[in-house]
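Participant: Take the sequence shown: its position 262, counting from 1, is numbered 274 in the working numbering, and each next residue is one higher.
Sending over a structure as structure tokens; questions will come in a sec.
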Amino acid sequence: MEQGVVNLIQAAIDFLNNCFADLRVHLTTTPAAFGGGGVWGVVESINVGIQGIGYGLLILFFLMSFFKTTSNFKDISLQQAIGWIVRFILVKVLIDYGIQILNFAISISMGVNDSILDHSGAFEFASMPQEVLDAVSAMENAAWYERIGSFFQTIPMYIVGGLGMLVIWVCGIIMVVSVYLRFFKVYIYSALAPIPLSTFGGPETSSTGKHFLKAYAAVCLEICVIALAIVIFNAMVSSNNLIFPSWGETSGGVNAEFWNTLMNYIFQVGLQTIMLVIVVMSANKYIREIIGVGG
13 MEQGVVNLIQ AAIDFLNNCF ADLRVHLTTT PAAFGGGGVW GVVESINVGI QGIGYGLLIL
73 FFLMSFFKTT SNFKDISLQQ AIGWIVRFIL VKVLIDYGIQ ILNFAISISM GVNDSILDHS
133 GAFEFASMPQ EVLDAVSAME NAAWYERIGS FFQTIPMYIV GGLGMLVIWV CGIIMVVSVY
193 LRFFKVYIYS ALAPIPLSTF GGPETSSTGK HFLKAYAAVC LEICVIALAI VIFNAMVSSN
253 NLIFPSWGET SGGVNAEFWN TLMNYIFQVG LQTIMLVIVV MSANKYIREI IGVGG
């Protein structure tokens with residue numbers, strides 16, 4: 013009976029390991045390579061198609077700003093005229109090669125992410141602590157009257173273990189889906205880039221373009237926060253520091269030791285997995301706070 017509870021928890025750990033393997037694949041795959049590159053080709057095609065709208069908005073923002081700051085053409089100096097012309101040309105080039113510039117930003121984030129993963133060691137869940145296995149072994153070797161008493165305690169153990177397994181399964185699926193959805197955000201930002209980039213045509217509207225570039229950087233750097241969260245999570249679990257150390261100080265024979273140790277471990281894995289999911293789902297929020305992007 014006790015070994016059955018351990019097998020239940022081990023199955024949940026194995027599932028979480030599989031989720032981490034899927035996450036590593038998604039975290040190390042560039043948007044341009046995702047799906048064989050076909051999706052990125054569609055994004056580039058849409059970006060080129062929207063460039064015409066971006067040029068129109070560029071002219072609009074440029075003229076609005078120009079006529080707002082200049083009331084008489086005779087008052088324009090040669091230096092000011094050159095500055096306006098250079099600004100217009102630079103913004104047009106930014107729209108023309110925006111997809112390449114954004115792809116460069118993606119490459120930088122992938123490089124940071126690769127450095128994190130290369131120095132993190134094993135990208136997988138730690139195995140079950142030895143103290144848990146020892147408690148199970150002691151329970152299995154206990155006298156018959158102690159095993160009778162443990163039988164009634166194992167029933168709620170299965171219930172709690174099953175709930176813990178369900179929590180881990182749900183959390184694992186949520187993490188994989190959250191990382192998978194990141195590709196959609198990158199594609200949407202990249203496809204519509206000419207519109208916010210056109211706002212650089214005027215000093216008054218350029219704040220929108222700056223906000224877009226920061227937001228795009230935040231979307232790209234999400235993978236770094238997610239990778240760090242998983243690495244830290246694995247380090248915390250590998251340390252085998254139980255959340256409730258006072259439970260291990262309870263005396264009462266092998267029954268109490270089995271109950272306290274395994275329950276402590278179930279709570280530890282469940283709570284830390286939930287915290288990991290919260291961090292993964294809030295990765296964009298964290299990176300926006302780091303680089304100073306508003307909501």
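Every residue, glycine too, gets a C-beta built ideally from N, C-alpha and C.
Contact check, ILE128 vs LEU28 under 8 Å by CB: the rounded distance?
Facilitator: ILE128 to LEU28, Cβ: 20 Å. No contact.
Participant: Cα-Cα, which of ARG36, GLN112, ASN19 and SER218 is closest to VAL188?
Facilitator: ARG36
Participant: Report the option in CYS183, GLY174 and ILE200 whose CA atom is closest to the CA atom of ASN30.
Facilitator: CYS183
Participant: Figure out for me which residue from GLY174, GLY282 and ILE244 has the closest Cα to the Cα of HIS131.
Facilitator: ILE244
Participant: Go ahead and pull the three-state DSSP assignment for TYR109.
Facilitator: TYR109 falls in the coil class under three-state DSSP.
Participant: To the nearest angstrom, report how far apart ASN59 and SER202 are at their CA atoms.
Facilitator: 7 Å
Participant: Determine whether the beta carbon atoms of VAL291 and PHE212 lie at a separation below 7 Å.
Facilitator: Taking C-beta atoms as the reference points, VAL291 and PHE212 fail to come closer than 7 Å.
Participant: State buried or exposed for ILE171, treating a residue as buried only when at least 16 other CB atoms are found within 10 Å of its CB.
Facilitator: exposed
Participant: Are the Cβ atoms of ILE65 and GLY173 separated by less than 7 Å?
Facilitator: no
Participant: To which residues of the same chain is TYR298 closer than 7 Å at the C-beta, ignoring the five residues directly before and after it?
Facilitator: VAL237
Participant: Does DSSP put LEU209 in a helix, a strand or coil?
Facilitator: Looking at LEU209 - three-state DSSP - the assignment turns out to be helix.
Participant: Helix, strand or coil for ALA44? Go by DSSP, reduced to three states.
Facilitator: coil
Participant: Let's test the definition: count the other Cβ atoms within 10 Å of the Cβ of PRO206 and tell me whether it reaches 16, buried, or not, exposed.
Facilitator: buried
Participant: Using a Cβ-Cβ cut-off of 6 Å (strictly less than) and excluding sequence neighbours within five positions of MET293, which residues of its own chain qualify?
Facilitator: SER190
Participant: Which class does SER132 belong to by DSSP, given the choice of helix, strand or coil?
Facilitator: coil
Participant: DSSP on ILE88, reduced to helix/strand/coil?
Facilitator: coil
Participant: Quick check: the segment 271-284 against the segment 219-228, are at least 3 beta-carbon pairs closer than 8 Å?
Facilitator: no
Participant: In chain order, what residues of the same chain have a beta carbon less than 7 Å from the beta carbon of ILE107, not counting five sequence neighbours either side?
Facilitator: GLN63, GLY66, TYR67, LEU70, PRO206, LEU209 and SER210
Participant: ILE94 to PHE73, Cα distance in whole Å?
Facilitator: 18 Å
Participant: For TRP156, which residues of its own chain have a beta-carbon under 7 Å away from its beta-carbon, when the five flanking residues on both sides are left out?
Facilitator: Any reading at TRP156 needs caution, since the residue's pLDDT is 42, under 50, leaving its predicted position unreliable; the model's value is listed next. Result list for TRP156: empty, nothing under 7 Å.
Participant: Output the distance between the C-alpha atoms of GLU216 and TRP96, rounded to the nearest integer angstrom.
Facilitator: 14 Å
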